[in-house]
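In mature numbering (1 follows the signal peptide of the UniProt record, and there is no 0), the protein residues as written are -27 to -1, 1 to 257. By construction, the Cβ of each residue, glycine as well, lies at the ideal position given by its N, Cα and C atoms. Here's the structure we're looking at; comments come further down.
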Amino acid sequence: MKLRWSRTLTLLPALALALGLTATAPAAADAPTIRSGWNNYSCKPSADHPRPVVLVHGTLGNAVDNWLGLAPYLVARGYCVFSLDYGQLPGVPFFHGLGPIDASAQQLADYVDRVLAATGTSKVDIVGHSQGGMMPRVYMKFHGGAGKVNTLVGLAPDNHGTDLDGLTRLLPYFPGAKQYLDRATPGLTDQIAGSEILNRLNEGGDTVPGVHYTVIASKYDEVVTPYRTQFLSGPDVHNVVLQDLCALDLSEHVAVGLADRVAFHETANALDPAHATPTTCVSG
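Structure (structure tokens):
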């Protein structure tokens, strides 16, 4: 029951948006906001951590709220950390990642170029949660990003879409529902298993040459289901189930990106494999 209630809470904002129940507010300013040391464009990567880390939020997330746990965690370990907002809808503040995924990938492309220019580096590492773990693959495959990314870490990413525990299979029973969602929140329907963009993304293989991939998933994920569809196939892929590292870890979809210290430690290992240490229940 707890997982079903959590899933319901996760879907409520999306349903409100689709039904037009959100209030309008001014769009956020374009200027970067420095929070606890991240989005600091004067930061220069060190010899120990030579690439900036770009954090890509999930659906209904934003550049700040999604990363109040992980961004300071990485900054404290000496990384230059940056985060962007993408997939904004007109008149919808705070809840982003709802625009077409292909357009969001172009926003990421522009943002990565900005970070590279500011830091004087040739590549970034990307860490993304949920849609933010999958959408960078669209950037790398279709928007020229393959040569600009060293490592992609996906926290509960919907790499092959989701059926939301079977809920998406109900859409055909509600005539016009999918068409309405396509128009109102295309970023949601783009993530349904079997969508046109996901088919294009995964056609011909899950990975592109030269990029190191890590996927961190929870078997208790109630949003990206079945959870093993998060995994990638291909060379230089490391698929991780959190419960294999810590059997006591009960994190569901949202917690994996927001607060799970086991996931955070495994992310740090993926970003700096030469100095990786075993990830356990007490990793911090």
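Can you tell me the Cβ-Cβ gap for residue i and residue j, rounded? I've got them flagged as a contact below 8 Å.
i, j, result
"valine 29", "glycine 105", "3 Å"
"asparagine 132", "leucine 205", "6 Å"
"aspartate 222", "valine 235", "5 Å"
"leucine 161", "threonine 32", "7 Å"
"serine 224", "tyrosine 193", "7 Å"
"glycine 207", "glycine 183", "Incorrect: roughly 12 Å between the Cβ atoms, too far for contact."
Would a C-beta distance cut-off of 8 Å place residue i and residue j closer than the cut-off?
i, j, result
"threonine 187", "leucine 218", "no"
"valine 111", "valine 97", "no"
"valine 27", "methionine 113", "no"
"glutamine 80", "proline 130", "no"
"phenylalanine 115", "alanine 166", "no"
"asparagine 39", "histidine 102", "yes"
"alanine 190", "valine 213", "yes"
"histidine 226", "glutamate 195", "yes"
"threonine 240", "valine 100", "yes"
"residue 260", "asparagine 35", "There is no way to answer for residue 260, as the model of the chain reaches only from -27 to 257."
"proline 25", "threonine 135", "no"
"leucine 89", "valine 229", "no"
"threonine 198", "leucine 137", "yes"
"phenylalanine 237", "glycine 42", "yes"
Classify residue i as helix, strand or coil using the three-state DSSP reduction.
i, result
"serine 77", "helix"
"aspartate 233", "coil"
"leucine 57", "strand"
"leucine 28", "strand"
"alanine 36", "coil"
"leucine -11", "Below a pLDDT of 50, predicted positions are generally treated as unreliable, and leucine -11, at 36, falls in that range; the measurement from the model is reported next regardless. Residue state, collapsed to three classes: helix."
* To do: Could you tell me whether the stretch 120 to 130 touches the stretch 46 to 56, where touching means 3 or more Cβ pairs closer than 8 Å?
  => no
* the stretch 58 to 77 contacting the stretch 160 to 176, beta-carbon criterion three pairs below 8 Å -> yes
* **Completely contained alpha helix (DSSP H) runs for the stretch 92 to 144, where each covers 4 or more residues** => 104 to 115
* Just list the alpha helix (DSSP H) runs in the stretch 151 to 224, keeping only unbroken ones of 4 residues or longer that don't cross its boundaries, in chain order. => 159 to 162, 169 to 175, 215 to 218
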